[in-house]
Amino acid sequence: MQPASWRGSAPFSLSAPPEAAEAPAPGRPWAQAQKALAGLNTMAWVPAESAVEELMPRLLPVEPCDLTEGFDPSVPPRTPQEYLRRVQIEAAQCPDVVVAQIDPKKLKRKQSVNISLSGCQPAPEGYSPTLQWQQQQVVRFSAVRQSVNKHRNHWKSQQLDSNVTMPKSEDEEGWKKFCLGERLCAEGAVGPSTNESPGIDYVQIGFPPLLSIVSRMNQATVTSVLEYLSNWFGERDFTPELGRWFYALLACLEKPLLPEAHSLIRQLARRCSEVRLLVVF
3 MQPASWRGSA PFSLSAPPEA AEAPAPGRPW AQAQKALAGL NTMAWVPAES AVEELMPRLL
63 PVEPCDLTEG FDPSVPPRTP QEYLRRVQIE AAQCPDVVVA QIDPKKLKRK QSVNISLSGC
123 QPAPEGYSPT LQWQQQQVVR FSAVRQSVNK HRNHWKSQQL DSNVTMPKSE DEEGWKKFCL
183 GERLCAEGAV GPSTNESPGI DYVQIGFPPL LSIVSRMNQA TVTSVLEYLS NWFGERDFTP
243 ELGRWFYALL ACLEKPLLPE AHSLIRQLAR RCSEVRLLVV F
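In the numbering used here, the protein residues as written are 3 to 283.
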C-alpha cells in the first residue's frame, strides 16, 4: 500500500540514492540502513482522509476500515485488527461537539464556601433614573465617543500652552496633581469649585480635560489615568473636576475594551452607587 499523505514537507527524500546502494556507509551495513528507512516510512505514513489528524496526529498507523460493513457489537474482537476496527467505528459515531449537562443542584450540595461579590448598590426609592433618561445618556455618550475618535488627529496637532506639561504614564502622583490640582492633592479635602477665569492657575486647581490634552493620550495612558483617579475616588468624595475627567477618559476608550478597562468601569460604577446613597441620606 502506498502512503496516502506525508506529514510535513521534508527537504530530502527517504529513498536511497543510487550511489548509496553501491557504497554503504562505513560501519553500518546496508541492511540496517534499509530497515531504518523502512521504519521512518511506516512512522511518517498518515491517512489523508482525516482532517482531524492535523490537530490530533495518530500515535500508531492503522489501516482505514470500511464502515459500511456490518459487524456484531456483541461479539468480542478476536484480533487486534478487529479491536482497532471497532474503535474506529465507535469514534465515527461520536458527535464532533459534546455539551455536558450539569445539574446545578448537585454542585450546590457540594459547595462548601460562599463568596459574596459586592455589586452596585440599588438607587433609593424615587431616585432611580428613568429608562428614557438612561437611553438619552447612552446616545449622547456614543456621539461624543465617535466625535472624539473622528477628530483625534486634528486636536492632537493643536499646540498646548506653555504651562501644560503632561506627566508620564506611570507617574501616578503627577497625574493626580495634573487633573485635580496641587491644592486638592495637598489638602486631600473637597473644596468649592472655582469659576474659571483668564488669570486662573491651573497648576493649583488642575487642568480640565481639553480635547488637545486627552487626544495626546494613548490607550495605555488613558487606562492608567483612569485607574489613578478611580483609586483616588475610592477614598475621597466626588468633585466636579473628577467627574469631568472620568467622562473624558471613558469617552477616549477604544473598542474592544481591554480586561483592565472592564474592571475599572465596574469599580467606578460600584463607587458611584455608594456615593449616591451617601448623597441621598
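Just so you know, even glycine gets a beta-carbon here, dropped at the ideal spot from N, CA and C. None of these values were measured; they are calculated from a predicted model.
C-alpha gap between residue i and residue j, whole angstroms
i: Thr132; j: Asn155; result: 37 Å
i: Arg218; j: Arg272; result: 29 Å
i: Val141; j: Asp163; result: 33 Å
i: Leu280; j: Phe235; result: 14 Å
i: Ser149; j: Asn220; result: 16 Å
i: Ala188; j: Val101; result: 58 Å
i: Pro78; j: Lys107; result: 39 Å
i: Lys178; j: Cys254; result: 18 Å
i: Val89; j: Asp105; result: 30 Å
i: Arg223; j: Leu86; result: Per the sequence shown, the amino acid found at residue 223 is Thr instead of Arg. Each residue's alpha carbon lies about 59 Å from the other.
i: Gln123; j: Asp98; result: 44 Å
i: Ser275; j: Tyr249; result: 16 Å
i: Glu127; j: Arg278; result: 12 Å
i: Val166; j: Ala125; result: 39 Å
i: Pro75; j: Gln95; result: 13 Å
i: Leu61; j: Pro82; result: 15 Å
i: Glu175; j: Gln103; result: 51 Å
i: Leu259; j: Arg238; result: 27 Å
i: Trp157; j: Glu256; result: 17 Å
i: His153; j: Lys110; result: 53 Å
i: Thr241; j: Trp247; result: 10 Å
i: His264; j: Gln136; result: 20 Å
i: Arg147; j: Gln138; result: 14 Å
i: Arg80; j: Glu92; result: 17 Å
i: Lys170; j: Tyr129; result: 40 Å
i: Leu266; j: Glu172; result: 17 Å
i: Glu84; j: Glu65; result: 11 Å
Given residue i as reference, the closest of the options once Cα atoms are compared
i: Ser144; options: Ala271, Leu259, Cys274 and Leu252; result: Leu252
i: Asn151; options: Val216, Arg87, Glu172 and Thr241; result: Val216
i: Pro211; options: Phe240, Asp239, Arg238 and Phe180; result: Phe180
i: Gly121; options: Pro261, Gly128 and Arg268; result: Arg268
Residue i, DSSP secondary structure in three states
i: Pro82; result: helix
i: Arg268; result: helix
i: Glu256; result: coil
i: Thr225; result: helix
i: Tyr204; result: helix
i: His156; result: helix
i: Pro211; result: coil
i: Gly245; result: helix
i: Leu62; result: coil
i: Gln123; result: coil
i: Glu174; result: helix
i: Leu133; result: helix
i: Ser217; result: coil
i: Cys274; result: helix
i: Pro97; result: coil
i: Asn165; result: coil
i: Ser149; result: helix
i: Phe240; result: coil
i: Val77; result: coil
i: Gln138; result: helix
i: Met91; result: The amino acid occupying residue 91 in the given sequence is Ile; Met does not appear at that position. Correct three-state label for Ile91: helix.
i: Ala102; result: coil
Distance CB(residue i)-CB(residue j) smaller than 7 Å
i: Arg185; j: Gln160; result: no
i: Leu270; j: Ser214; result: no
i: Gly208; j: Leu244; result: no
Within-7 Å CB hit, residue i to chain C
i: Pro97; result: This model lacks chain C altogether, as it is built from one protein chain only.
query: Pairing CB atoms from the stretch 200-210 with CB atoms from the stretch 219-227, are three or more of them under 8 Å?
result: no
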